[in-house]
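K.L.:
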Amino acid sequence: MSKKSKNAGMLAYDFYPSEGGIQTFMRSIVAADLDIKWTVLTRKVDSHRLDAEHPYNVARTTLRPQLRIVDRLWLKMRRGEFSLPQLIAFQTEKKLIRLSKHTRADFLFADQLISAASVRVAARRLGIPWGLGVYGKELLNGNEEDRNLLADADLVLACSNYSNELAKSRGANEARTKTLHPSVDVDFFRLPKDRQAARKKLGVDGQETLITVAHLVQRKGHDLVIQALPTIRSIYPNVIYLIVGRGAYENSLRGLAKALGVSESVRFCGYVPTQNLPLYYGAADVHIMASAADGDVEGFGISFIEAAACGTPSIGSRSGGILDAIADGSSGFLVELGDVQGLSKLIMKILENKNLRDQVGLVARKMAETRFSKNAFEQALIDSLNQTIFSERH
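Right under this line is the structure:
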């Protein structure tokens, strides 16, 4: 990267203050301490006060999942059958071009594939390079349009080595596809001073405590932990499973817990603000996200490294990008997909050996401080940009 500062534009279909891994990943990119001034075009929400608190600029616009009838008819006549990326492009292309001209953007970036069509059009119109982020699920059933976008991008940023390989198998150029692992704020997510005190605050004092921090969707594997509870309760009758997050799958999980007779061992905590998450991680013996495949995949799993920074070991499934987030047997443990018995054994292995829990937790913390630190993230980001967007060919 040259010494001259750069201006960059991002089109983000998903962005703060909405919740999720993509949102967190994109905020880490635009807030990175690099000589790049970002302007983000994203969906309109009641967050202007929040936008003013950050070092990057945010422009918000109305992004409707459904267009007015007249717009849909025009778009169908102009382009025939149209996809979600084309629908987003229809609503954002002109705005993104105007904004990018105003900010004198040197390059553009799409938060994900569904935003990429608009970004490509704007970048071509302005004669500047562009890139996009990729994760996992969206790459599983790629169509020709997605393949073309991946092949055309000057930079494809993958959140894990798994996503990197998957993107290249779907048409992304090998030399322009880079892995950028998510990062965690190790000063905010930190070792608990007193795990028992944290448990008292949450009302789980004296109880073996399991936790999952994730959206309540089927792939996150909450149901596998609930299925494991009868076996675990036979040895640890006071065990409590904290489910942090919200989503449409909650009623199904409540029904499963009731059917298995373990409702009293499952606490649905709902939405927990980020500022309170260290307390929850710090109160737990083990964090679990045994994500299932079944047509879906975990691109990385940022809750693994948040738990790691808090010294709490994790159990994840041996699939997708989770293999980057957990060093099996060192910073946590991996279990085969759908293996409830194996999951039960691993959970009880940690519960019966506090020294093992603490030892693995300390290794996880060290991994968070090094491999997934802010410094490591920023170095990997600037290296990726220098090798692609800022290379001499541009």
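Following the numbering used here, the numbering of the sequence shown begins with 336 at its first residue and continues without gaps.
Note that CB positions come from ideal geometry on N, CA and C, so glycine has one too.
What you are looking at is a predicted structure, and each value in this text was computed from that prediction instead of being measured.
On the premise that Leu-443 lies in contact with Ala-458, defined as a C-beta separation below 8 angstroms, what is that separation, rounded to the nearest angstrom?
P.N.:
As a working note, residue 458 is residue 123 in the sequence shown. As a working note, residue 443 is residue 108 in the sequence shown. Indeed they touch by this definition, with Cβ atoms about 5 angstroms apart.
K.L.:
Taking the C-alpha atoms as reference points, what is the distance between Ala-703 and Asn-611?
P.N.:
Locating residue 703 in the sequence shown gives position 368, where the first residue counts as 1. Locating residue 611 in the sequence shown gives position 276, where the first residue counts as 1. If I take the Cα positions, the gap works out to 19 angstroms.
K.L.:
I need the boundaries of the beta strand (DSSP E) containing Ile-578, first residue and last residue.
P.N.:
Taking the first residue of the sequence shown as 1, we reach residue 578 at position 243. 575–579 is the span of the beta strand (DSSP E), which, as asked, contains Ile-578.
K.L.:
Counting only the same chain and skipping the five closest in sequence on each side, list residues whose C-beta sits under 6 angstroms from that of Val-454.
P.N.:
As a working note, residue 454 is residue 119 in the sequence shown. Around Val-454: Leu-346, Leu-443, Ala-445, Trp-465.
K.L.:
Using the rule of at least 16 other Cβ atoms within 10 Å of the residue's Cβ for burial, across every protein chain shown, is Thr-609 buried or exposed?
P.N.:
In the sequence shown, counting from the first residue as 1, residue 609 sits at position 274. Its Cβ having fewer than 16 others within 10 Å, Thr-609 is exposed.
K.L.:
Please give the ranges of any beta strand (DSSP E) in the stretch 601–647, keeping only runs that are unbroken, at least 3 residues long and fully inside the region.
P.N.:
Segments of the beta strand (DSSP E) lying fully in the stretch 601–647: 601–605, 621–624.
K.L.:
Once you ignore the five residues that flank Asp-487 on each side, which residues in its own chain have a CB closer than 7 angstroms to its CB?
P.N.:
As a working mapping, residue 487 is identified with position 152 in the sequence shown. Result list for Asp-487: Arg-455, in chain order.
K.L.:
Can you check which of these residues, Leu-467, Leu-369, Val-552, Lys-436, is closest to Asp-631 by C-alpha distance?
P.N.:
If you number the sequence shown from 1, residue 631 lands on position 296. The option with the nearest alpha carbon to Asp-631 is Val-552.
K.L.:
In the structure shown, what three-state DSSP assignment does Arg-362 receive?
P.N.:
Walking along the sequence shown from the start, residue 362 turns up at place 27. It is helical.
K.L.:
Counting pairs of beta carbons, one from the stretch 497–506 and one from the stretch 618–625, are three or more of them closer than 8 angstroms?
P.N.:
No, because fewer than three Cβ pairs between the stretch 497–506 and the stretch 618–625 fall closer than 8 angstroms, the two stretches do not touch.
K.L.:
Expressed to the nearest angstrom, what Euclidean distance is found between the alpha-carbon atoms of Glu-641 and Ala-493?
P.N.:
As a working note, residue 641 is residue 306 in the sequence shown. As a working note, residue 493 is residue 158 in the sequence shown. Roughly 19 angstroms between the two C-alpha positions.
K.L.:
Have a look at Met-361 and Phe-350 and give me their C-alpha separation to the nearest angstrom.
P.N.:
In the sequence shown, the residue the question calls residue 361 occupies position 26. In the sequence shown, the residue the question calls residue 350 occupies position 15. Approximately 7 angstroms, taken between the alpha carbons.
K.L.:
Would you be able to state if there are at least three C-beta pairs under 8 angstroms between the stretch 645–659 and the stretch 716–723?
P.N.:
Cβ pair count under 8 angstroms is below three, so no.
K.L.:
Rounded to whole angstroms, how far is the Cβ of Trp-373 from the Cβ of Tyr-391, which I believe are closer than 8 angstroms?
P.N.:
Taking the sequence shown and counting its residues from 1, the one referred to as residue 373 is at position 38. Taking the sequence shown and counting its residues from 1, the one referred to as residue 391 is at position 56. At roughly 4 angstroms, the Cβ-Cβ gap stays under 8 angstroms, so Trp-373 and Tyr-391 are in contact.
K.L.:
Under three-state DSSP, which class holds Thr-723?
P.N.:
The residue labelled residue 723 in the question sits at position 388 within the sequence shown. If DSSP states are grouped into helix, strand and coil, Thr-723 belongs with coil.
K.L.:
Span of the alpha helix (DSSP H) holding Lys-341?
P.N.:
By 1-based counting over the sequence shown, the position of residue 341 is 6. Counting along the chain, Lys-341 falls outside any alpha helix (DSSP H), though it belongs to the beta strand (DSSP E) covering 341–347.
K.L.:
With a threshold of 8 angstroms, are at least 3 pairs of Cβ atoms found where one atom belongs to the stretch 515–522 and the other to the stretch 590–609?
P.N.:
No, the stretch 515–522 is not in contact with the stretch 590–609.
K.L.:
Judging by CA-CA distance, which residue of Val-675, Glu-687, Ala-643 is the nearest neighbour of Ala-699?
P.N.:
As a first step, residue 699 is located in the sequence shown; it is residue number 364 there, counting from the start. Ala-699 has its Cα closest to that of Ala-643, out of Val-675, Glu-687, Ala-643.
K.L.:
Going by C-alpha distance, which of Gln-722, Asp-529, Arg-554, Val-601 is nearest Ile-546?
P.N.:
Here residue 546 refers to the residue found at position 211 of the sequence shown. Among Gln-722, Asp-529, Arg-554, Val-601, the Cα nearest to that of Ile-546 belongs to Val-601.
K.L.:
Comparing alpha-carbon positions, which option in Asp-659, Leu-681, Val-579, Asp-693 lies nearest Gly-646?
P.N.:
Position 311 of the sequence shown, counting from 1, holds the residue named residue 646. Of the listed residues, the one whose Cα sits closest to Gly-646 is Asp-693.
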